[in-house]
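Heads up: the structure comes next, in C-alpha cells.
Laid out in C-alpha cells, this is it:
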C-alpha cells in the first residue's frame, strides 16, 4: 500500500524519460571511458615497450626481432648497465649536485620572497619581475658568456686541477641555484602573500628580529609550498641535460642524465642495454612521482594559477 | 590595578608609534640581516643570469675567437647579424624548424591537453588513474624521452613500424629521414607536453565555480555550447599562460634533438646552433652571441606577455 502511495502516476511518466536519459548518459560514459582507456594505452606504450625491451637478452631480440614473444625474461640488462656503464658514479655525481642545489635554491628564494612580501620597498615588484623573467629566458641566451665567466673564475686546486669553475660540479650547482631561484621566488612570494601580515607584526611587537620572523613564523607556514617545490625542483635539476653538457667536460664528473648521452656510444647496437640504462636513470624521478604525486602536481600548477 | 595603570600609557603611543615602528623595522641588525637575505640571492641571480644575458647582447656586436684575452675582442657592428641572415646556410632551416616546432606544440598537444582536461574534470570513475598515466611522461627528462622514442622509431625493430606493418615491407626511418624526423621528434615531445598542458587546464578548471556550469545546463545549453560560452572564457587567463609556456618550451627545445642526433640532419634548431658555437670545434663567440640575441628578442615578447598576465592583479592593488 505504501509503495503505491509513494508513487503517484505523474511521477511514473517522468520515470520513463529519466530511464531513457540514464541510458543515454550511461552510453556516453562508456564511450568516454573507452576513449580514455585507449589514450592511456597509447600513452603508456613507449614506456611499456622500453620495459619489454629491457627485460630481453640481446641474443633473443637479434634472433627474433623485438616484435616477438620473448623466449625468456631476465634482469641481466639492468645489472649489466649498472656495472659496465659506471652508473653508481654518475648517480653519486647527480646526488652531489641535486641535493645542495635544491636546498639552497629553496633557502635563497624563500629569503627573497620573504623580503619582498613582508617589507615595503620601492623596488619589490621590479625585483620579483627580475627573478621571474630570469627563469623564463632560454638557457642558450646565457650560456656563451657564462661559459667564459666560469673559465675565468679561479677555484682551489683540490676542487679542480685546472683551477677554474668551469668543469666543476660547484659551477653546475651555482647556475642551478641562480636560474631556478627565479621560479621558486615567484611561487613562494605568491604563497607568502596569502599569510596575514598580522602574524609577523605580532612577532615583531614581541621583539622578534627579521630572521626569527622568517624562520619561526613564515617558514613553518610555507611547508606545503616548499614540499611541492622541492619535489618539482628535484625532478628538474635531476633531469638537467643542457647545463651539464656545456659546463662539464670531464666525462666522469657528469650527472647521470647527461652522462647517458655520452654512454650511448657504448650501447649503440644493444638497444636492450640502452632501454635498461634509460629506465635506471628515470627510476628516481618515477619513484618521486609515485610517492609524492600530490606535491609534484601541486608544484607544477603553483606557478600558473595564483593562490 | 597595575593593568589599569598601564593602559593609559599605551594610548598616546600610536601617533609616535608609526614612525618609531618603521625606523626599528629597518634599522640595526634587522636592516643588515634583511639586506643579506635579499641581497645575496639577488646578486647571484643577477651575476649568473642577467649579466651573461647583457654580455650576450654586447658580444653579439663583436668578433672574438675566445682564445686570446678580453682585449682581443673587436667591435664589428652588426656584421654578425648580417652574416647570419645572409650567409649562414644552417640558420634559416633552423628557424624554419623552430617555427614548425612552435606551430605543432601550440596546435596539437595544447588542444589535446585541453580536451583531456575537460573530459577528466568531472566525477568520473578512475579519473585519478587516467590523470596519473597521462602526466607520467612529464617527470621524465626530455633527453630520456628522446632515448625512449628511439626504441619506438627504430626502423626494423621499433614498435611503430611493426604495428603499422611496415617493418618488413618498407621500413620508414623515422629519425633518419631528414624530411620527416622533425615530426617524429615532435610527437615524442608532444607526448610529454600534453600532460603538462592538461595539468595546467585541470588546475584552472578546479578553481572555476561549478554553479556557472549548472546555470548553463539549466538554460538548456549542450556540452559544446557550455564549453565555448562558459568554460572557455573562464579559462582565458590560463590560455595565455599555456601559450607562453608552450612558446618558451619551443624556443628552448634542445635536449631531445641533441640526445637523438646532436641536432643534425633535419633536426637543426637555433638552440643547437648556439651550443655548437661554444662546445663545437669552432669557437666563435660573437657569432654564437648574435644567434642567442635573436632567440632572446623572440622570447622577450612572450616573457613580457607572461609578466603582464601574472602581475596585472598586483599593479591594480
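Residue numbers (the numbering used here), protein chains in the order written: chain A, -11 to 295; chain B, 5 to 321.
For each residue, glycine too, the CB sits at the ideal point set by N, CA and C.
Q.
Quick check on residue 59 of chain A - is its C-beta less than 7 Å from some C-beta in chain B?
A. no
(Q) Looking only at its chain, what residues have a beta carbon closer than 6 Å to the beta carbon of residue 258 of chain A, apart from the 5 residues adjacent to it on each side? (A) 46
Q) Are there 16 or more other CB atoms within 10 angstroms of the CB of residue 36 of chain B, so buried, or fewer, so exposed? A) By the Cβ neighbour-count rule, residue 36 of chain B is exposed, with fewer than 16 other Cβ atoms within 10 Å of its own.
Q | Beta-carbon proximity list for residue 177 of chain B, same chain, < 6 Å, skipping 5 on both sides | A | Cβ within range, chain order: 159.
Q | Alpha-carbon to alpha-carbon, residue 186 of chain A and residue 193 of chain A | A | Distance between the alpha carbons of residue 193 of chain A and residue 186 of chain A: 10 Å.
Q: Would you decide whether residue 274 of chain B is buried or exposed? Buried here means 16 or more other CB atoms lie within 10 Å of its CB.
A: buried
**Q.** Proximity of residue 121 of chain A and residue 177 of chain A at Cβ, strictly below 7 Å
**A.** For the 7 Å CB-CB criterion, residue 121 of chain A and residue 177 of chain A do not form a contact.
Q: Please determine, among B/223, B/62 and B/221, the residue with the shortest C-alpha to C-alpha distance to residue 80 of chain B.
A: B/62
Q: Report yes or no: is there a C-beta of chain B within less than 7 Å of the C-beta of residue 103 of chain A?
A: yes
Q.
Whole angstroms are fine: how far does the CA of residue 196 of chain B sit from the CA of residue 288 of chain A?
A. 14 Å
Q) Are residue 293 of chain B and residue 132 of chain A touching if we call contact CB-CB under 7 Å? A) yes
Q: Starting from residue 79 of chain B, follow its DSSP beta bridges and name the residues at the other end.
A: B/66
Q: Tell me where the alpha helix (DSSP H) around residue 102 of chain A begins and ends.
A: 75 to 106
(Q) By alpha-carbon positions, which one of B/290, B/310, B/313 and B/304 ends up nearest to residue 76 of chain B? (A) B/290
Q: Check whether the region 215 to 233 of chain A touches the region 166 to 180 of chain A, counting contact only when three or more Cβ pairs, one atom from each stretch, lie closer than 8 Å.
A: Yes, the region 215 to 233 of chain A is in contact with the region 166 to 180 of chain A.
Q. DSSP on residue 152 of chain A, reduced to helix/strand/coil?
A. strand
Q: Starting from the beta carbon of residue 203 of chain A, find every residue of chain B whose beta carbon is closer than 9 Å, and list them in chain order.
A: Within chain B, no residue comes near residue 203 of chain A; the closest Cβ sits about 11 Å away, beyond 9 Å.
Q. Nearest to residue 87 of chain A by CA position, among A/148, A/219 and A/4, is which residue?
A. A/219
Q) Can you name the residues of chain A whose CB is closer than 8 Å to the CB of residue 280 of chain B? A) The contacting residues do not exist; residue 280 of chain B stays about 11 Å from chain A at best.
Q: Out of A/237, A/205 and A/286, point me to the one whose CA is closest to residue 157 of chain A's CA.
A: A/237
Q | Residues sharing a beta bridge with residue 159 of chain B, DSSP | A | Note: residue 159 of chain B sits in no beta bridge, so no partner.
Q: Kindly indicate if chain B contains any beta-carbon less than 7 Å away from that of residue 175 of chain A.
A: no
Q. What does DSSP give as the partner residues of residue 214 of chain B in its beta bridges?
A. Under DSSP, residue 214 of chain B takes part in no beta bridge, so it has no partner.
Q.
Rounded to whole angstroms, what is the Cα-Cα separation between residue 51 of chain B and residue 20 of chain A?
A. Cα to Cα, the separation comes out at about 52 Å.
Q) Could you give the distance in angstroms between the alpha-carbon of residue 76 of chain A and the alpha-carbon of residue 213 of chain B? A) 50 Å
Q | CA-to-CA distance, residue 4 of chain A to residue 311 of chain B, given in whole angstroms | A | 55 Å
Q | Close Cβ partners of residue 352 of chain B (< 7 Å) along its chain, the five nearest in sequence each way excluded | A | Residue 352 of chain B is absent from the structure shown; chain B starts at 5 and stops at 321.
Q.
I want to verify the contact list: residues of chain B whose CB lies under 7 Å from the CB of residue 269 of chain A, in sequence order.
A. Under the 7 Å cutoff, chain B gives 148.
**Q.** Test: residue 312 of chain B CB closer than 7 Å to a CB of chain A
**A.** no
Q: Have a look at A/269, A/260, A/247 and A/214 and flag the residue whose alpha-carbon is nearest the alpha-carbon of residue 282 of chain A.
A: A/214
Q | Collapsed DSSP secondary structure at residue 126 of chain A in the structure displayed | A | coil
(Q) Restricting to Cα atoms, I'd like to know which of B/103, B/87 and B/41 is closest to residue 257 of chain B. (A) Of all alpha-carbon atoms in B/103, B/87 and B/41, the one lying nearest the alpha-carbon of residue 257 of chain B is that of B/103.
**Q.** Per DSSP, cross-strand counterpart(s) of residue 142 of chain A
**A.** Per DSSP, A/152.
Q | Classification of residue 127 of chain A by the beta-carbon crowding that lies within 10 angstroms, buried from 16 upward | A | When all chains shown are included, residue 127 of chain A counts as buried.
Q. Looking only at its own chain, which residues have a Cβ that is under 7 Å from the Cβ of residue 157 of chain B, when we skip the five neighbours before and after it?
A. Contacts found: 164, 178, 179 and 188.
Q. Which class does residue 37 of chain A belong to by DSSP, given the choice of helix, strand or coil?
A. helix
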